[in-house]
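In our numbering, the protein residues as written are 7 to 606.
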């Protein structure tokens with residue numbers, strides 16, 4: 007084991023698409039811990055979906071050996087972090103397990119909203135920050151401007167900034183030296199009681215759960231019994247080691263190390279990210295700070311396209327849950343769609359990832375209902391309850407309702423500010439602050455309902471700003487709202503899977519959109535079909551699917567008008583009878599048209 011002074015623990019934080027995974031590739035390639043033939047782009051991104059979309063979902067760790075210019079061998083523990091706002095708790099735990107952070111800034115894009123929020127998160131954990139300007143090989147790279155932003159926006163010394171191109175490998179040697187010289191070595195007493203922070207975990211089919219640890223104090227060896235301080239479970243350690251892309255067993259982990267333990271844990275739900283691991287025989291006096299339960303933010307129901315596939319979907323959900331502790335689900339049932347699951351997600355990206363994994367990895371054809379947030383409802387009898395499913399909404403018994411609000415930070419070039427303010431105002435946002443970062447860029451802070459961000463907000467923000475605006479948010483609590491439930495009726499019968507909870511003033515627009523889409527999808531019958539949106543007994547939107555008519559007058563040539571009228575009346579009576587007994591079959595495409603597409 008290397009001495010503490012020859013260890014460095016660091017992470018790379020950045021906005022989405024600023025090149026974290028590519029820089030990690032270059033560091034790993036330079037250290038030659040993996041054969042050139044096995045080297046591939048985004049080496050730390052294991053899932054196909056991460057490669058396809060170019061995003062990091064699960065944080066990874068790797069120990070990089072480095073022979074410095076001072077002649078000593080160092081062990082550099084690099085913790086890779088996701089960049090997306092949905093996974094900010096995982097990012098905070100990964101940051102807490104390091105002493106230093108490389109703050110990566112794109113040489114052509116500059117400082118963006120998540121660059122700032124990640125930097126503040128790193129500062130909260132007292133990390134040493136080294137700014138790194140990436141993509142210097144691009145023709146559009148503007149290094150003097152970026153250095154000005156580093157000093158002006160972030161308050162860091164631009165002279166410390168490392169210039170690299172993760173794509174070509176330029177500047178990587180200097181970056182390695184900066185990691186050794188500028189980041190402090192870890193602190194910790196090997197002989198103290200064990201204290202280790204769980205910053206991640208994942209499921210292996212053959213070994214069970216592999217727990218990713220940062221050792222703060224003490225030493226863990228094979229055969230020790232460890233205790234998880236928050237959930238109180240104890241496990242016997244079967245294997246201990248470090249990450250070198252593959253697992254490398256070392257027999258022990260000491261204070262300052264980043265590594266893994268395997269202890270026969272069956273599911274990821276048994277391990278909480280942010281929990282403290284200690285020894286059962288000699289436990290630590292207190293847990294490490296910062297632990298919190300990760301709570302879902304967005305809710306949606308999942309149903310199989312074919313109701314016979316329910317069992318397959320259930321086993322797929324169980325296997326997904328093994329790998330993703332933040333996925334919360336319970337059984338759900340719909341008259342229109344049969345058996346399914348009500349699920350909670352960390353955010354919209356998390357929902358999309360689960361949807362894609364079900365379709366790609368498990369070959370499931372599924373329907374997701376419209377995403378909703380969790381509302382706090384005070385009933386007329388004084389009882390308080392939380393509701394995320396429109397089917398559970400207690401109509402007529404609600405005294406008042408509250409919805410979750412977010413604090414949104416948007417950084418945009420100043421020429422797009424008018425349309426972005428109009429968008430945020432339309433989404434019921436109230437502006438809390440506006441700061442000009444320099445002549446060209448503005449940071450706007452808004453407080454707005456989370457429900458408004460679920461539909462089309464991000465897409466419209468990007469299109470209004472031509473892709474230049476960046477967006478970051480955090481949930482700040484509940485505020486009063488006027489909540490209503492919209493029911494969609496087909497021929498007077500409600501379709502439970504299409505019901506939605508929404509803000510009262512938006513209800514009419516929502517209902518009209520859904521009715522118009524259904525009109526295009528429902529095939530014409532022998533009778534007239536009414537598609538209605540209703541709040542309680544009040545109809546707020548209507549579309550009509552006209553009937554298919556047989557020309558009953560074809561055989562009448564000439565003759566008295568009463569004869570024709572008699573035939574038309576007879577046809578009208580028949581259609582009336584048919585409407586009473588006829589059922590309208592809603593095709594799957596109708597659900598998909600309403601639920602899949604974003605709001606217009």
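No residue lacks a Cβ here, since even glycine has one placed at the ideal position from N, Cα and C.
As the structure is a computational prediction, the values presented were derived from the model and not from experiment.
Near residue i, which residues of its chain fall below 6 angstroms by C-beta distance, leaving aside the five closest residues on each side in sequence?
i	result
residue 545	538
residue 607	Because residue 607 is not part of the residues shown, which for the chain are 7 to 606, the question remains open.
residue 319	310 and 370
residue 83	15, 69 and 264
residue 290	199, 201 and 284
residue 59	Unreliable positioning characterises residue 59 in this predicted model, as indicated by a pLDDT of 47, which lies under 50. A coordinate reading is not provided.
residue 182	72
If you draw a straight line from the alpha carbon of residue i to that of residue j, how long is it in whole angstroms?
i	j	result
residue 259	residue 460	43 angstroms
residue 149	residue 125	20 angstroms
residue 565	residue 573	13 angstroms
residue 347	residue 208	23 angstroms
residue 221	residue 307	40 angstroms
residue 284	residue 108	29 angstroms
residue 63	residue 30	The predicted position of residue 63 is uncertain, since its pLDDT is 49 and thus under 50; no value can be drawn from it.
residue 372	residue 112	38 angstroms
residue 522	residue 506	16 angstroms
residue 432	residue 454	10 angstroms
residue 605	residue 462	Caution applies to residue 605, whose pLDDT of 43 falls short of 50 and renders its modelled position unreliable; the model cannot decide the point.
residue 624	residue 557	Since the first residue shown for the chain is 7 and the last is 606, residue 624 is missing from the structure and cannot be characterised.
residue 223	residue 229	18 angstroms
residue 4	residue 485	With the chain running from 7 to 606 in the structure shown, residue 4 is simply not present.
residue 494	residue 518	10 angstroms
residue 334	residue 482	21 angstroms
residue 18	residue 274	25 angstroms
residue 303	residue 354	9 angstroms
residue 204	residue 282	6 angstroms
residue 429	residue 450	12 angstroms
residue 75	residue 330	42 angstroms
residue 4	residue 336	Outside the displayed range of the chain (7 to 606) lies residue 4, so it cannot be described from this structure.
residue 553	residue 332	48 angstroms
With distances taken between CB atoms, is the gap from residue i to residue j smaller than 8 angstroms?
i	j	result
residue 316	residue 344	yes
residue 363	residue 305	no
residue 158	residue 357	no
residue 399	residue 426	no
residue 352	residue 277	no
residue 446	residue 420	yes
residue 286	residue 246	no
residue 267	residue 214	no
residue 464	residue 414	no
residue 293	residue 236	yes
residue 176	residue 143	yes
residue 490	residue 457	no
residue 280	residue 257	no
residue 136	residue 188	yes
residue 123	residue 502	no
residue 131	residue 101	yes
residue 326	residue 360	yes
residue 170	residue 196	no
residue 172	residue 28	yes
Kindly identify the DSSP beta-bridge partner or partners of residue i.
i	result
residue 575	The partner list for residue 575 (beta bridge, DSSP) is empty, contrary to what the question assumes.
residue 125	According to DSSP, which records beta bridges pairwise, residue 125 is partnered with nothing at all.
residue 104	Looking at the DSSP assignment, residue 104 forms no beta bridge with any residue, so it has no partner.
residue 16	84 and 106
residue 347	308 and 337
residue 247	255 and 266
residue 423	DSSP output for residue 423 lists no bridge partner at all.
residue 285	232
residue 71	81
residue 531	In DSSP, residue 531 forms no bridge with anything.
residue 374	308
Using a Cβ-Cβ cutoff of less than 7 angstroms, which residues in the same chain neighbour residue i once the five nearest sequence positions on both sides are dropped?
i	result
residue 391	383 and 385
residue 216	207, 208, 210, 266 and 268
residue 508	490, 492 and 516
residue 397	502 and 505
residue 252	none
Taking only heavy atoms of the ligand NAP into account, decide whether any of them is closer than 7 angstroms to the Cβ of residue i.
i	result
residue 99	This structure lacks the ligand NAP, and indeed carries no ligand of any kind.
With a threshold of 8 angstroms on Cβ separation, who are the neighbours of residue i within its own chain once the five nearest residues in sequence on each side are excluded?
i	result
residue 525	537, 549, 550 and 551
residue 11	191
residue 134	105, 106, 107, 188, 189 and 190
residue 467	416, 426, 429, 475 and 477
Open item on the list: Just to confirm the assignment: which complete alpha helix (DSSP H) runs, minimum length 4, are found wholly within the segment 446 to 494?
Closed with: 456 to 460 and 463 to 470
Open item on the list: Which complete beta strand (DSSP E) runs does the segment 173 to 240 hold, if anything under 3 residues is left out?
Closed with: 201 to 210, 214 to 223, 225 to 227 and 231 to 234
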